Amino acid sequence: YSYLFPTGPAPFIHIHSLPTLPRAGRLPVAVGGRCFPASPGSEEKPGPMAQPPMLPPFPSRFAGPPPPPQFRCFPPPPPPPERPLCLPGPGPGRPLYPPWAAPPPGPWACGEAGREEQQEEEAGALRQHDELWLGRFLAQRRQLRPEPAAGPGARGGDRAEAGLGELARPLRERGAGLGRARQRRLRLHRRKEEARAAREEEAARAAEREAVIDRWRAKRVQEVEEKTRERELKAAADSVLSEVRKKQADTKRMAEILRGLEKLRKLRKEAAARKGVCPPPSADEAFENEIQKLKTLIKKRTELYEAEERALRVMLEGEQEEERKREKEKKQRKEREKLLQQKREMDCMLFGDPDKFPLGHLLQPFRQYYLQAEYSVPSLIQIRHEWDRYLVPADHPEGSFVPSGWVLPPLPSSDTWATALG
1 YSYLFPTGPA PFIHIHSLPT LPRAGRLPVA VGGRCFPASP GSEEKPGPMA
51 QPPMLPPFPS RFAGPPPPPQ FRCFPPPPPP PERPLCLPGP GPGRPLYPPW
101 AAPPPGPWAC GEAGREEQQE EEAGALRQHD ELWLGRFLAQ RRQLRPEPAA
151 GPGARGGDRA EAGLGELARP LRERGAGLGR ARQRRLRLHR RKEEARAARE
201 EEAARAAERE AVIDRWRAKR VQEVEEKTRE RELKAAADSV LSEVRKKQAD
251 TKRMAEILRG LEKLRKLRKE AAARKGVCPP PSADEAFENE IQKLKTLIKK
301 RTELYEAEER ALRVMLEGEQ EEERKREKEK KQRKEREKLL QQKREMDCML
351 FGDPDKFPLG HLLQPFRQYY LQAEYSVPSL IQIRHEWDRY LVPADHPEGS
401 FVPSGWVLPP LPSSDTWATA LG
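Written out as structure tokens, the structure reads:
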């Protein structure tokens, strides 16, 4: 904006640095470093083309109560002092340029170190502001509070002031907020690690359970397949054996038929001889040759069928023997597992569970001493030699066999004694 003066146009005026401008009246003008306010009688009168005064968009009854101020733990900082209006041009006692509305930015920082330094500076500035406010607050409290008489109340106030100082001490320490943030990050990281470890442990346990289930399932499937194969093989052998027996029955029936034919020819030959009819010798010879061929064929088939029957019987007997052997091995394995379980229970009763007692446990030396014969041949020989010194003849009245296992103590005779033993 420019206004005409007797000497010429006035210089430019910085409108952004002025307070709220009046609606009617001239602007104050700065010339030569001095401010000339507009004269009271030089106010402009509204003309016919003047704009009406601006009204609020809604009446006050629709505006409602004013919004509450934003919550802050500390009061806002005091506003900066107003700067006088100045010209942009150089001159005595004037800056070269208008002052900054905000403090100038700091130097450019690269990387994580610069970011941490900036955060530390911001935290330090905030802490300094909080300390200043707390100091002013305490000073006002001291001025407004009357001097109490010496007594328990004064001591209570001193204690309260000391407690407030203790509470404000972390604000004075450098990096207090950063330390809390770092502790929070470490705590969250530790929780994440614990959750991840728990998930991995649960996954490992689930995988182990799945592996045990798969092994058990494979074992059961193998057993079922073996039983099915044995049953099918036995059924096939039985069917083949039945066929062989059927063929043997057919050969026996054919042999009986041949014997019947021979007997019938003999009877017919005798009847013809009584009538005076005698067959030629060539017919008898031909009949005998045919009967002999059929007997030879039946004999060969009978021998073949008997060989097949013997082979099938041997195979069936071998399968039955293998099945009996498997049943026996299974029974022996169950008995051996039962004995091992009993031995393990006895060892747990005498020396404790080895899974629960590590190598550095108090009972580990005793366990090694009593079980040294199982891991060392010289120890076994020495122990047997010490036992052999007490050998007596079999007919000795006080002789007895060496126990094959541990000699367990008898059960407690009463509940009191059981409580003492437990």
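Take the sequence shown: its letter number 170 is residue 170 in the UniProt record's numbering, and every next letter is one higher.
Where is the CB? At the ideal position from N, CA and C, for every residue including glycine.
All of these numbers come straight from a predicted model, not from anything done at the bench.
For residue i, the three-state DSSP class (helix, strand or coil)
i: Val-314; result: helix
i: His-396; result: coil
i: Leu-164; result: helix
i: Leu-138; result: helix
i: Trp-406; result: coil
i: Ser-413; result: coil
i: Arg-389; result: coil
i: Leu-350; result: helix
i: Tyr-375; result: coil
i: Pro-79; result: coil
i: Leu-188; result: helix
i: Phe-366; result: helix
i: residue 426; result: Here the chain has residues from 1 to 422 only, and residue 426 is not among them.
i: Pro-40; result: Reliability fails at Pro-40, whose pLDDT of 45 lies under 50, so the model's placement of it is uncertain and no value is given.
i: Ala-420; result: helix
i: Gly-33; result: Low per-residue confidence applies at Gly-33: pLDDT is 43, beneath 50, and the placement is therefore not dependable, though the value from the model is reported in the following sentence. The answer is coil: DSSP assigns Gly-33 none of H, G, I, E or B.
i: Pro-98; result: Unreliable placement is indicated for Pro-98, whose pLDDT of 49 sits below 50; the coordinate value is still reported in the next sentence. Three-state DSSP puts Pro-98 in coil, outside helix and strand.
Contacting residues, own chain, Cβ-Cβ under 6 Å from residue i (five flanking each side not counted)
i: Leu-380; result: Ala-373
i: Val-244; result: Tyr-305, Glu-308 and Glu-309
i: Glu-323; result: none
i: Glu-201; result: none
i: Leu-21; result: At Leu-21, the pLDDT of 43 sits below 50, so the modelled position is not reliable; the number obtained from the coordinates is stated separately. So no residue of the chain qualifies.
Contact set for residue i: own chain, Cβ-Cβ below 7 Å, skip 5 residues either direction
i: Arg-265; result: Phe-287
i: Met-315; result: Ala-237
i: Gly-276; result: none
i: Gly-93; result: Bear in mind that the predicted position of Gly-93 carries a pLDDT of just 49, short of 50, making it unreliable; the figure below should be weighed with that in mind. Here the set comprises nothing.
i: Ala-160; result: none
i: Pro-412; result: Ala-418 and Leu-421
i: Gly-32; result: Residue placement at Gly-32 cannot be trusted, given a pLDDT of 44 that sits under 50; what the coordinates show is reported in the next sentence. If we look at Gly-32 and ignore the five residues flanking it on each side, it has no Cβ neighbours.
i: Phe-168; result: One detail in the question is off: residue 168 reads as Ala in this sequence, not Phe. Leu-134, listed in sequence order.
Beta-carbon proximity list for residue i, same chain, < 8 Å, skipping 5 on both sides
i: Cys-278; result: Ala-272
i: Leu-233; result: Glu-319
i: Trp-387; result: Val-402
i: Ala-409; result: The amino acid at residue 409 is misidentified as Ala; the sequence shows Pro. Cβ within range, chain order: n/a, list empty.
*Which whole runs of the beta strand (DSSP E) in the stretch 205-283 are 3 residues long or more, in chain order?*
none
*Three CB pairs or more closer than 8 Å across the stretch 291-311 and the stretch 251-261*: yes
*Evaluate contact between the stretch 335-351 and the stretch 363-371, counting only Cβ atoms and requiring at least three cross-stretch pairs below 8 Å.*
yes
*Is the stretch 287-296 close to the stretch 254-261, with three or more CB pairs under 8 Å?*
yes
*At what residue ranges does the UniProt region "Disordered" (318-337) contain a whole run of the beta strand (DSSP E), taking only runs of 3 or more?*
none
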